[in-house]
Every structure is written in structure tokens, then in C-alpha cells.
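In what follows, a structure is listed as C-alpha cells, so that the remarks can point back to it.
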Amino acid sequence: MKHVSLIGKFLTLMSFFGIFVVATAFYSSNSIRTLDSEYGGLLQQESLATLAIARANRYMQTGHAAAGDLLVSRTDEENASNLAAFEKAKSSFGGWMDKAMAALPANAKLAPIKAEGLSVLNDACGPVVQAAAQATDEAAVLASQEAFMRDCKPKFAAVTEKLTVVTDEVMTAANQESENLSASAKTTIYATFGAVIGGLALVLVAGFFLIRAWLARPIQHLQRTMLTLANGDLSALVAGADRRDEVGSMAKALQVFKDNALRSKEMEHEAELNRTTQEADRVRNAESERQRSEAMAEATNGLAEGLKRLSAGDLTFQLDRAFAADFEGLRADFNDSVAKLRDTLHSVANATNAIDGGSRELSQSAGDLSKRTEQQAASLEETAAALDQITANVSTSTSRTEEARSMAIEANQSAAQSGAVVAKAVDAMQRIEQSSSQISNIIGVIDEIAFQTNLLALNAGVEAARAGEAGKGFAVVAQEVRELAQRSAQAAKEIKDLIRNSASEVKNGVELVSATGTALQVIQNHVVAINSQLDAIATSAKEQSVGLSEVNVAVNQMDQVTQQNAAMVEEATAASAALAQEAQR
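Counting from 1 along the sequence shown, just add 171 to a position and that's the residue number in the numbering used here.
Pasting the structure below:
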């Protein structure tokens, strides 16, 4: 592995761990999938079978109850209803038993119980139920009841007991299988934990020894070699340079350092030889430099004297004493420069007089321009302030218009809500009117009943009078009933009149509410129109505000430019004045 990089070694180690993790995950997922399949089978078989058997038992009890109800019913409707319930219980019992047998095909007890239950419902109780449904007299009913108690009822208990036993057995088996699945799940969890912990420990131990062999030992050897080289012992051998990993790269780099150190020692020896040679050359060059320095000092002193005379204003000075051959050109150049400087200063004096006159005129013009620019800047500043005020006013108008538009929208919404409320009120008034009409009809019926009661009481009084002494008490009661009927009729008449008046008032109220709704609709239309106008005004105000803002920005920019121009004119005036003063000097 010495030719594999550190990343390759790390990936190799991690691949071992990854393979172990994948194997552990495969084992866990396979175990969980098996448990899930077995638990799904438990739900699809035992649980479904238990539910089907319980419902079959319930329909067996329902058939028992329907047969009992059929024995005590006396009307055709009750007989038909109970017979239909019995038939439904019989068919449902067979269907749920089929589902139970489909869920548990290995259970041999379900088919005999189904056959026995259907035999009870069809053979033992079927004729009794049909006879009870056709019984019309007491004798037939009693005969069917005796047949039910003798031939039918005792057999229900046996079938129900068997269904209960089978249900308990299936539930017991389901519970046992659920416990087995729970134990298997725990075993899988423990095995997974153990495998993960063991694998992690194995990977850590293997990683420790592999890293020690692949990295720690080679790096420690390189460390010792580095310390030896650092102490100045360049005879130490650098091991590991033949490796192709990062450790090999470090060893190669260390070998380069060693080779460079060896070359450095050789170069130091060569440098010592060069220093000896350079010292002899230095002595010879120092003598030549001394002679050159004396010649340079003579030339420098002459130039210094000439510059001193120039600084005092003496432009007629010339260097007459000859310099060394190397500096003779410098003396000639100095004399030529002094002559040219003298001629140039004479020309500058003439030009300065001309500049003085022009500077005076320029200063006066710049002063006039500065005054006019300041006046223009003041005017633009006033214009900008006025535009700022106008812009603020237009912005305020826009805000007020937006507020008015919002208030108009709210008024429109309020009007719409009021219209909806009025519509509901109209609807309520109409329902009240309909209720009043219905109450009036009911009062009419009460009036008719009172009239008929009055007639009956009158007839009862006539019959009581015919009965003589025996009918006096009855005649008194008939008279009271007649008076009560008359009072009821009078009260019904008064209530009917009141309801008629109420109906008239409700009708008037409906008309008034309808008129109110129409008026609110007109108001809403006006508010919509006002809202449209305010919307147009707000749009126009926004456009005006935007335009004025742009104009205001332009004026402010002009104001700033004018102020900058004024400042520049003032600077130009000051510069012209300074130039005139310099020209005078």
C-alpha cells in the first residue's frame, strides 16, 4: 500500500466500514421486511377472520331477534319488515363466514359452523318464520310461537357458543403470533446493535493498526531524518523517496532540501574564494576613485561658486578656470546655460508687462461676470423655493384626493352593505307577510272548528233536553262548551282582524323598505360616479406631482450649476488678481 495515496488509503479503510454498514443494513432491512410481511399476514388473516366471525355472530343474533319480533307482530307491515330483517341476517351471516374462511383457509372449524348456522336459519327456523309471517289469527300465532320455542330457539345458542369459541381461538393464535413477532423484532434490534458495535470496534482497531503502519511509522522516520539534517549532519539517508503517496512526496522534498544544503556548502566555499579576489580589486579601485574624487571636488567647487553668483542675481558670471578633462564639458555647458538664462529672463520681463495689462482687463471682466452670476443664482434659488412650495402643495392635494377617494370607496361599500341589509329586510318582511297569511288561514280553521263545536254543543243540548232529568248535567256541560266555542270564535275573529291589520302594515313596511333600497341604489350609483371622478382627479394630480418633481429637480440642478459657475468665476477673479500682482512684481 506504499504506492497508494493517503486519500486512497482512507477510502480503502472507509470502504471496509461501508461494506460492513451495507451488510448490517441489508440484514436489518431484510429482517424488518420479513417482520412486516408476517405482521401484514396477521392483519390480513387472523384479525380479518376475527372481525368476520364476530360480525357473523352478530347477524346470527340479529336473525334470532328478527324471528322473535316476527312472532309478536300483528300487522302486514311489521311482518314484512321483520321477514326482510331475517333474510338480510341470513345472507349476511353466510357472507361474513365466507370472508372468515377465505382469511383462514386452514381452519377446519369454520365450514361446519357455517353449515350448521345456515341449517338453523333455513331448515329449523325458516318454516317457523314463514308460518309466523302468514299467521292471521291467535291460534296460528300461538302455534308458530310454540314451534319457534321448540325447534328454532335452542339451536341458536349452540351456534353462538361455537362462534364464540372459534373467535377466542383465533384471537389467542393472533396474540401468540403477535408476541412471536415482537420477540423477533427485539432479536433483530439486538442483533443489529451488536453487529454495529462489533463492526465499529473492529473498524477502529483495524484503522489504528493500518494508520500506524501506513502513516505513523513512515512520518516518524521522516521526522528523525529531518532532525538529523537540522543539526547539520547531511550524511543521513532519506528513506521512502521511492513511495508514490504523500509520504513519498515528503521524502522527495526532504531529499531536495538535503541536496540544496550540500550545494549551499559548496557555494559558500566558492564565495570565500571570490571574496579574496574581490578584496584585491577593491584596493585598486579605491586609488582610482580617490583621484576621480579630487577632480570632481574641483569641478563641484567651481559650479558651487557659479550657482552662488547666479542666486545673487549676477547673470554676467562665467567659469574661466579649466576643469579636469572629464568635467570640461560640464563647465562649457554651465557658461552656455547662464548666457541663455540671461536672454530668457529679458524675454520674460517683456512678456510680463504684456500679461500685467491683460490680467487687469481679465480681472475686471471676471468681477462683472461674478456679480451677474450671483444675481442669476439668487433668482434660480427663489424659483427653486417657489417650485418646492408648489410641489409640496400638489403632493398635499394628491394625498387629500387619495383620502377622498378612499372615503368614497368606503361610502360605496357602506351603501352596498346597506342595500344588502335592505334586501334582507324586504325578504324578511315578505316572509312575515307569508307567515301572517298562513296564521290567518289557521285562525280561519280555528273559527270553523269553533263553529262546528258550537253546533255539536247545540245538538248535545237538544239531546240532553230530550233525555229529561237524566240529561240535565249533560245539558249544562253542553251549554258551557257552546259558550266556550262562541268565545273561541270571537277571539279567532279578533285575532284575524289584528293579523289582517298587521299584514297591511307589513305590506306598507315592505313598500317603504323597497323605496329605501331604491334610494340607496341611487346613492350608490352617485358614489360610484364620484369615485370615478376622484380617481381621475387623483391620477391627474399624481401626473402633475411627477411633472413638478421633475421640473423641481431640473431647477435645483440649474441652481447648483449656477452656484458652481459663480464659485468658479470668483476663483477665476481671484486668480486674475493674483496673476496681476505677480506680473507687477
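For each residue, glycine too, the CB sits at the ideal point set by N, CA and C.
Being a predicted model, the structure only gives us computed values, none of them experimental.
For residue i, the three-state DSSP class (helix, strand or coil)
i	result
N253	helix
G403	coil
N679	helix
K270	helix
Q489	coil
P276	coil
A408	The sequence given here places Leu at residue 408; Ala does not occur at that position. Here L408 sits in coil by DSSP.
R245	coil
A468	helix
A707	helix
A457	helix
A483	coil
Whole-Å CB distance - residue i paired with residue j, under 8 Å assumed
i	j	result
V330	V291	6 Å
T195	V337	No, T195 and V337 are not in contact; Cβ-Cβ is about 43 Å, not under 8 Å.
A295	A223	Not quite, the Cβ-Cβ distance comes to about 23 Å (not below 8 Å), so this is no contact.
F191	V374	7 Å
A345	T221	7 Å
V341	E217	6 Å
S315	A303	4 Å
L400	F428	7 Å
I134	S659	The chain is shown from 172 up to 756; residue 134 falls before or after that span and cannot be answered.
R653	N625	5 Å
Residue from the options whose Cα sits closest to the Cα of residue i
i	options	result
E276	R229, N679, L219 and A314	The sequence as given places Pro at residue 276; Glu does not occur at that position. If we check each option's Cα against that of P276, L219 comes out closest.
K324	E350, T343, G288 and A662	G288
T335	I284, Q316 and F379	I284
S420	I390, A372 and E552	I390
E651	A631, M185 and T396	A631
Q692	V724, A556, Q588 and M578	Q588
E682	A594, E721, Q657 and A662	A594
Q728	E552, W267, Q347 and T448	E552
H235	A225, D247 and N253	N253
S720	A556, I617 and S518	A556
Q623	M467, N278 and Q657	Q657
P298	H440, F257, D504 and N472	F257
K542	Q305, Q734, L478 and D339	Q734
Q489	E476, N506, L478 and S482	N506
A310	Q609, V243 and I620	V243
K333	A354, A279, E741 and N625	A279
A225	M185, R461, W267 and D706	W267
T689	A591, I620 and A432	A591
V312	N250, A274 and M397	N250
S186	G378, N402, D559 and D269	G378
A493	N472, T567 and R513	N472
F188	G369, D339, E348 and A274	G369
T363	N201, Q704, S566 and E348	N201
M397	I382, A432 and E640	A432
N293	K479, K326, K511 and E439	K326
E499	E469, Q394 and R480	E469
A563	D339, A274 and V717	V717
- Query: Does the segment 258-268 come close enough to the segment 226-234 to have 3 or more Cβ pairs within less than 8 Å?
  - Reply: yes
- Query: Which ranges would you report for the beta strand (DSSP E) in the segment 305-358 if only whole runs of at least 3 residues count?
  - Reply: none
- Message: Quick check: the segment 313-322 against the segment 232-249, are at least 3 beta-carbon pairs closer than 8 Å?
- Response: yes
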